[in-house]
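*Asks:*
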Amino acid sequence: MVNEAAIESFHFTFLSVDISNDKDQSELINLLHFPSTFTPEEWSYTFFEGLSRYDAAEFQNKNLVELGCGNGWITIAMAKKFGPRKVFGLDINPRAIICSKINLYLNVLDDQVNDVKDNLNGENLIDKIEFYESDLLGYFINKEPCHFDVIFGCIPQVLYPENSTIDEIINENQIDDFLYAYSNYCAKQGYVEDFFGLGLIARAVEQCISLIKVGGKLIFNIGGRPGKKILERLFERRGVNIKKIWQRKVIQASDTDITPMIKIEEQSSIRFEFYMGLNSDEPISAKTAKYYADAGGQICHSLTVYECTFQNLDSIKNIFSLLKDVDYQEALHGLDLCFNDKSIAEEKINFLSALTRKLNNMSFFPYGETKGETIFRKRIAQYLNFYYHTSFTHQHLLIAPNSRSLISNIVNVYSSSLILADTDHAKHLRKYESKNFILLEVPRSSTLLEELITKLKPQLVFFSFNELQSKSVEYFESLISISEQKGTRLFVDMSAYFELSSSPESNGILNYLSENTLPNHVAIICGLIKNNVYSDLEVCFLLTQNENMIETLANSGELTYNRTPMFSQLYYSELLFDLLKFQMVNVRKNQKQAGWFKESVDFEDKFIRMRNNVLESFNHPCIKNNELPITKNTIRLDYGENELSSPKSLKTSVFESFIRQNIVDEEIDVSPEILTLLKSRFGINPSNESKIHFGTGVAPLFSALVQTCIEQQGTMVFPQGAYGYFYATAMYFNAPIKIISTSENNQFKISPSELSQVINDTANCWIFLNFPLVNPTGAKYEAYEIEAILSVPEISNATIIMDTIFSGLEFEKSAESYRLDKLFDDGKIKYAVLGGISKEFAGAGLRFGYLVTKNECISDGINKYLNNQPHSTILYACKKIYGLLNKQDSFLLKRIEEQQCTLKLRADRLSKTLTECGWKILPSQGGLFMVASPVKYFNKVVEVSSSSGKLSYTLNGSNIHEALFYATGLLINNDIWTGIKGYCRFVLSVSADNFEKALLAVKEFYALVCCS
């Protein structure tokens, strides 16, 4: 028998811990202790007390894990006292694991060498416990799926670790002092919590998310020095619900240096929480605590056992599956799911989970559908049907960015001479009032409105019921009747009284629609703006059973705002999903769907029609192409979208923008980044006179420019071979239009002589110029060319609209840098520079564009007519991506270079195939497109099959796209779209699969027409 004196000479000690809570009966755990492991003391005793407060059923027959098990005594005690199925003890210190395993064997046999059983199930203790060396839960990560019922731990909190210790190779032969320090390391992972010594706990929580079972618990023992708010925020910002299980005060360890805490207090408003003794309830700061301790006083801090649970574990897991990616670390840094109202936190968590799925499943940010995402429209219809007993489908709905955009388009489409609008709508419509129509403001009383309609017979009415009348079916029904009698198109806005809720309030309009159809002359407008997570995040829907109206306003949207931002739609779509997912859809499905009506001749005679210029704009191929029977199998080389991969940094920036809270104005001010970009790319000097406007894409900015041009009695001037959509937009607004002749010899670029001639012949020209790359030809203006164009003597009499959206897609770098400052700085040239992220970054669905000008009149016009501005989340993301671009971020530049190489290779391959198949190509120098002329096909006759029968074409530049479509499924843009006689446009930036199919289709059509 070895005596105690002999034991003391060894490099270890023995001790016992009594885990019984019965003062009359002891239950000892015998322990071997190494100097390199923590000695059982107040921290671990308090933790075990907290664990012991639970009913045995919380742990019995469950799988448990202890993080930072030390010498293993709590792991062993939990197995013995609560009878879990299995309990694993993990520690990063290899010697602690050796010590734990020895302690296990010290406690699994009694004095008679019989197996020790657990207290509840009577099962062998040795079969329940396993110890492994592990950095937190690292042992189980990336192993076969294993999930635990409870994960618990008492994890160290240290403010400033030795960074070198984290990178050292650790083995059991390290010296004891080093291993002790390593057990105490803080893991400077870049988390906010590192500031307070909580980084390791933060990382533990995040690892637990992927390994905890649904309904499982995390239990942590945490020192309270950082203060209650900071500790609880650590959990809550990660979507964790917390509950305090146990708390007591403990004496501050004498070997803990609290000087770093004092430095934090000096540099911030933070105050750590210490106490003057175990019985004190009034906290003191770290600085006061240090002085008090140095004077011989005893300082203490609280120790709290927290229980953590997840209300939305699957969604939280999904979010963190993305955040564990190293490229998303800044997003992780900004994660904030703290809300006083738990339902708001749940709303944000569900959306972020949906956003995670979206980002994982797409390689670029697609435009989406002009009418709005189908799934979103379906969910709106389902919500109306299930909660208000209507019978609509997604076809009865049109999505717009906001009600202002929608109402503006309605006014622009219909040639009304008298419009009535209530006060709120009249404020917006006042800017459109001119000699073309009279706008009268009306009170928000349907009774008075009916009298005005009867007497004045307006063509259009925009109206929102007052609160009292909004709940009545009769008021709405009467208004429908009066407006029908007087030939008035009625648009009723129910935004103020519509809310997405599982217990929606009564709504007179929707109650009426549960029993009646919506007549062709009536439509409902509803803006979705009421959410507590992202203020001002808005979308709008139009509800109508008038098929012509849906198509008309969809085409208007195509030419004005272009698309509704994809993530605004996704947010509200997820809200709707949460309100629909538990519904018994099939049981309550309404078999009778609402009708779908066209406007008859009699209807058109009675009610106001579309303006002639609007009809003409809809006949432009950019709209007309959409009338072809396009399916998912159509090979679309007509669609000007960049379908190559977006930079990963754009995805991370978008996710970070939605994951944060309390973003300040400086973080969403993209102006400095845009001005820096224009300086570096084009030599445009920033100045105090620069005025920057942001829109949901370039389309709404250009629309505002066209309306400003009209207001200033200008003429829109397009070069032959300009962007088809913008030409159609000018037609839509009935702007005067002139064409500058261009020639094939000059790649259809503007020449100074032709420009000079047009300016001399036309007063107040507003000249549209793709720069540096031309859409659709892919030609590039060199520095000397643009300088010559902008130096023509008459240029001061014109306004230059410079669209730089394709900048950054050049195949080769220009030999000479652009120096537009030499031309712009003297203020003689009136200009507006357009740009955005849709092309260069494949980010069309985000909807971000900018306009820069120094001209007051242009800026005032944009302020007046711009209806769509990006949400703060998109501004935040764009500021980050442009910041990276300006800093020449190597990863971003590599992605852009890869994109340029892909586009050039495709241009070369398509040029070769087209040339071999009888097309004359115009070499492209960059961008997403190229043009070619089907010279060998002209005047050839081809017969193709369509769903309506055989079609015969005598081929020319205007119809070859249809013949090609029906013959092969390949769709391109014809020469009316390009504005260049005989030249068609081909899009290069499609999916790899579609590009290969397109090459085959070109060959197939050649064989059909030229070889048969």
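Just remember that the working numbering sits 16 ahead of the position in the sequence shown, which is counted from 1.
A virtual CB, placed ideally from N, CA and C, is assigned to each residue, including glycine.
Relative to the C-alpha of residue 117, which residue among 48, 751, 795 is closest?
*Replies:* Residue 117 has its Cα closest to that of 48, out of 48, 751, 795.
*Asks:* Can you name, in chain order, every residue of its own chain whose Cβ lies under 7 Å from the Cβ of residue 873, other than the five neighbours on each side?
*Replies:* Hits under 7 Å: 728.
*Asks:* Hey, residue 960 and residue 979 are a contact pair by Cβ (cut 8 Å); roughly how many whole angstroms apart?
*Replies:* Their Cβ separation, rounded to whole angstroms, is 6 Å, which keeps residue 960 and residue 979 in contact under 8 Å.
*Asks:* With a CB to CB cut of under 7 Å and the five nearest residues on each side skipped, what residues in its chain are close to residue 340?
*Replies:* Here the set comprises nothing.
*Asks:* Could you tell me if residue 1027 is buried or exposed, where buried requires 16 or more neighbouring beta carbons within 10 angstroms of its beta carbon?
*Replies:* Per the 10 Å Cβ criterion, exposed.
*Asks:* When you compare each of 535, 82, 558, 821 to residue 850 by their alpha carbons, which one comes out closest?
*Replies:* Nearest option by C-alpha distance: 821.
*Asks:* Closer than 6 Å by C-beta to residue 896: which residues in its own chain qualify, once you throw out the five before and the five after it? Chain order, please.
*Replies:* Closer than 6 Å at the Cβ level, and outside the excluded window around residue 896, lie 669.
*Asks:* Just how far apart, CA to CA, sit residue 412 and residue 387?
*Replies:* If you take the alpha carbons of residue 412 and residue 387, they lie about 10 Å apart.
*Asks:* Taking only runs that begin and end inside the stretch 305-382, name each unbroken beta strand (DSSP E) of 3 or more residues, in chain order.
*Replies:* DSSP runs (the beta strand (DSSP E)) wholly in the stretch 305-382: 316-325.
*Asks:* Mind checking which residues open and close the alpha helix (DSSP H) that includes residue 501?
*Replies:* Where residue 501 is concerned, the enclosing alpha helix (DSSP H) stretches over 489-501.
*Asks:* According to DSSP, residue 733 sits in a beta bridge with which residue or residues?
*Replies:* DSSP lists 754, 783 as partners of residue 733.
*Asks:* Is there contact here, the stretch 558-565 with the stretch 359-368, by at least three beta-carbon pairs under 8 Å?
*Replies:* Segments in contact, no.
*Asks:* If we call anything under 9 Å between Cβ atoms a contact, is residue 96 one with residue 134?
*Replies:* Result yes, Cβ atoms of residue 96 and residue 134 sit closer than 9 Å.
*Asks:* Taking contact to mean 3 or more Cβ pairs, one atom from each stretch, closer than 8 Å, check whether the stretch 657-667 and the stretch 455-472 are in contact.
*Replies:* Judged by Cβ distances under 8 Å, the stretch 657-667 makes no contact with the stretch 455-472, as fewer than three pairs qualify.
*Asks:* Out of 210, 60, 804, 287, which has the shortest C-alpha to C-alpha gap to residue 263?
*Replies:* Nearest option by C-alpha distance: 60.
*Asks:* Whose C-beta lies closer than 8 Å to the C-beta of residue 608 among residues of the same chain, with five residues either side of it excluded?
*Replies:* Counting only Cβ-Cβ distances below 8 Å, and skipping sequence neighbours, we find 407.
*Asks:* What residue does the beta strand (DSSP E) around residue 148 start on, and which one ends it?
*Replies:* Its beta strand (DSSP E) spans residues 145-149.
*Asks:* Would you kindly check if the distance between the Cβ of residue 756 and the Cβ of residue 787 is under 9 Å?
*Replies:* Taking 9 Å as the Cβ cut-off, residue 787 and residue 756 do not qualify as a contacting pair.
*Asks:* Classify residue 499 as buried or exposed, calling it buried when 16 or more other Cβ atoms lie within 10 Å of its own Cβ.
*Replies:* Its Cβ being crowded by 16 or more others within 10 Å, residue 499 is buried.
*Asks:* Report the option in 752, 753, 798, 748 whose CA atom is closest to the CA atom of residue 767.
*Replies:* Nearest C-alpha to residue 767: 798.
*Asks:* Kindly indicate which residue of 765, 752, 848, 628 has the alpha-carbon position closest to the one of residue 710.
*Replies:* Checking every option, the nearest Cα to that of residue 710 belongs to 848.
*Asks:* Which one of 385, 346, 251, 456 has the shortest CA to CA distance from residue 322?
*Replies:* The option with the nearest alpha carbon to residue 322 is 251.
*Asks:* Which partner residues of residue 869 appear in the DSSP bridge assignment?
*Replies:* BP columns for residue 869 point to 707, 848.
*Asks:* Taking 7 Å as the limit between beta carbons, can you name the residues of its chain near residue 553, skipping five residues before and five after?
*Replies:* Closer than 7 Å at Cβ, skipping near neighbours: 547, 584, 587, 887.
*Asks:* Short check: CB of residue 1010 to CB of residue 651, under 9 Å?
*Replies:* Yes; because the gap between Cβ atoms is below 9 Å, this pair is in contact.
*Asks:* What is the DSSP secondary structure of residue 428, reduced to helix, strand or coil?
*Replies:* Here residue 428 sits in helix by DSSP.
*Asks:* Among 404, 430, 530, whose alpha-carbon lies nearest the alpha-carbon of residue 515?
*Replies:* Closest by alpha carbon: 404.
*Asks:* Count the other CB atoms, across all protein chains shown, that sit within 10 Å of the CB of residue 904; report buried if there are 16 or more and exposed otherwise.
*Replies:* Exposed, because fewer than 16 other Cβ atoms sit within 10 Å of the Cβ of residue 904.
*Asks:* Alpha carbon to alpha carbon, what distance is there between residue 985 and residue 1017?
*Replies:* Straight-line Cα distance between these residues: approximately 8 Å.
*Asks:* Which residues does DSSP list as the beta-bridge partners of residue 457?
*Replies:* Residue 457 pairs with 437.
*Asks:* For the alpha helix (DSSP H) containing residue 593, name the first residue and the last one.
*Replies:* Taken as a continuous stretch (DSSP letters only), the alpha helix (DSSP H) holding residue 593 covers 582-596.
*Asks:* Run through DSSP, which three-state label would residue 602 get?
*Replies:* The answer is coil: DSSP assigns residue 602 none of H, G, I, E or B.
*Asks:* Taking residue 381 as the reference, which of 1014, 1006, 1020 has the closest Cα?
*Replies:* Among 1014, 1006, 1020, the Cα nearest to that of residue 381 is on 1006.
*Asks:* When DSSP labels each residue in this structure, what does residue 506 get in the three-state scheme?
*Replies:* Strand at residue 506.
*Asks:* Within the same chain, show all residues whose beta-carbon is closer than 6 Å to that of residue 1014, passing over the 5 residues directly before and after it, in chain order.
*Replies:* If we look at residue 1014 and ignore the five residues flanking it on each side, its Cβ neighbours are 651, 653, 986.
*Asks:* Apart from the five residues just before and just after residue 575, which ones in its own chain have a Cβ nearer than 6 Å to its Cβ?
*Replies:* The answer, listed in chain order, is 744, 745, 748.
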